Structure formats: structure tokens, C-alpha cells
């Protein structure tokens, strides 16, 4: 059951990420801004770096290097997910892997990651991001909370059978 849950979470996360990116790619042109609400826009952009545009200059024009690095980390985190002691930790790691897989697909398909979520306050904009970045961030938060306050409840533990 544990393996199936982890695989389902990885697949669902990557699929949801790709579906949202496909919808945005079909709806917006690069640089086009669609105001959704105060403080939030949809803005199509492409990122050659890591999450939130980190290392963009270093990784520009090197999508296969980013695929290799991201893929290696995804394999490590997937192994950790399958050995996780709690559902919180396992799901967190699965979200990280699913987000990484979503971004790997982008890099293989188009050489860069599709970003479209633009959160801002007045003139300050957080780096544009996507659903994979949300999954990775949420997964990291779940893993961190599992480490800081391990659950002792049988309800949150994976069956060892």
C-alpha cells in the first residue's frame, strides 16, 4: 500500500503540474500579464535555472545538465520516500519528487521550465513560479514538520506489513 500511495502521489503531482502548464501555454503569450486579483497575476515565462529562477545565469543553455542534477536528486528523494516511516514524510517526499518530475518534463520538452504564477506587493514581485514549485515547497514543509515533530500515532504511520 505504501509503495502505491507514493507512486500515485508522484504521478498525480507531475500530472497536475503538466496540465496547468499546458493550459497556460495555450492561453498566454510570453510576457503577457493576466490580472487575476490584487497581488496575483498569470504571466507566462520560462526559467532555465532552478526553482524561483535561482542559478538562471549559470544554467542558461544547459537544460540537460539541469535534467541530470534534478533527476539525481529526484531518485534520491524517491528512495527516501519509499523508506519513510510516516505518511507525512512519505507524502512530502513524493510531492518533492513529483514537482521535480514535472520540471524535468518541461526541460526535456522545451529546454526551460514554464512559470506563470506571479505574486506581488505594489512594485515588488516574487519570482514567477509554477505548480511544481508549490509541490516542492509544500513537500519540504511536510518533511520538515515530520522531522521536527515526529508523529507517534499509528494513524499516521505506514503499515510495516
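In UniProt numbering, the protein residues as written are 1 to 161.
All C-beta atoms in this analysis are idealised placements derived from N, C-alpha and C, irrespective of residue type, glycine included.
Bear in mind the structure is a predicted one, so any value in this text is a computation, not a measurement.
Give the secondary structure of residue i by DSSP, where H, G and I count as helix, E and B as strand, and everything else as coil.
i: residue 43; result: strand
i: residue 86; result: strand
i: residue 117; result: strand
i: residue 35; result: strand
Can you tell which of the options has its C-alpha closest to the C-alpha of residue i?
i: residue 93; options: 147, 33 and 35; result: 147
i: residue 166; options: 38, 131, 19 and 138; result: The question about residue 166 has no answer, for the chain in this structure spans 1 to 161.
i: residue 145; options: 121, 117 and 86; result: 86
i: residue 112; options: 67, 20, 140 and 123; result: 67
i: residue 20; options: 149, 140 and 134; result: 134
Measure the beta-carbon distance from residue i to residue j and round it to whole angstroms, keeping in mind my assumption that it falls under 8 angstroms.
i: residue 28; j: residue 44; result: 4 angstroms
i: residue 42; j: residue 34; result: 4 angstroms
i: residue 136; j: residue 96; result: 5 angstroms
i: residue 104; j: residue 79; result: No, residue 104 and residue 79 are not in contact; Cβ-Cβ is about 17 angstroms, not under 8 angstroms.
i: residue 63; j: residue 107; result: 4 angstroms
i: residue 77; j: residue 6; result: Their Cβ separation, rounded to whole angstroms, is 11 angstroms, which puts residue 77 and residue 6 out of contact at 8 angstroms.
So does residue i have its beta carbon nearer than 7 angstroms to some heavy atom of the ligand PLP?
i: residue 96; result: The model on display carries no ligand, and the ligand PLP is accordingly not part of it.
What residues in its chain sit with their C-beta under 8 angstroms from that of residue i, if we drop five residues either side in the sequence?
i: residue 118; result: 33, 40, 41, 42, 43, 125, 126 and 128
i: residue 171; result: With the chain covering only 1 through 161, there is no way to say anything about residue 171.
i: residue 154; result: Note that residue 154 has pLDDT 45, beneath the 50 cutoff, so the model's placement of it is unreliable and no number is given.
i: residue 30; result: 44, 45 and 46
Excluding the five sequence neighbours on either side, which residues of its own chain have a C-beta within less than 6 angstroms of the C-beta of residue i, listed in chain order?
i: residue 115; result: 45, 47, 128, 129 and 130
i: residue 14; result: 98, 101 and 102
i: residue 17; result: 102, 131 and 132
i: residue 4; result: none
Leaving out five residues on either side along the sequence, give the residues of the same chain with a beta carbon under 7 angstroms from the beta carbon of residue i.
i: residue 9; result: 91, 94, 95 and 98
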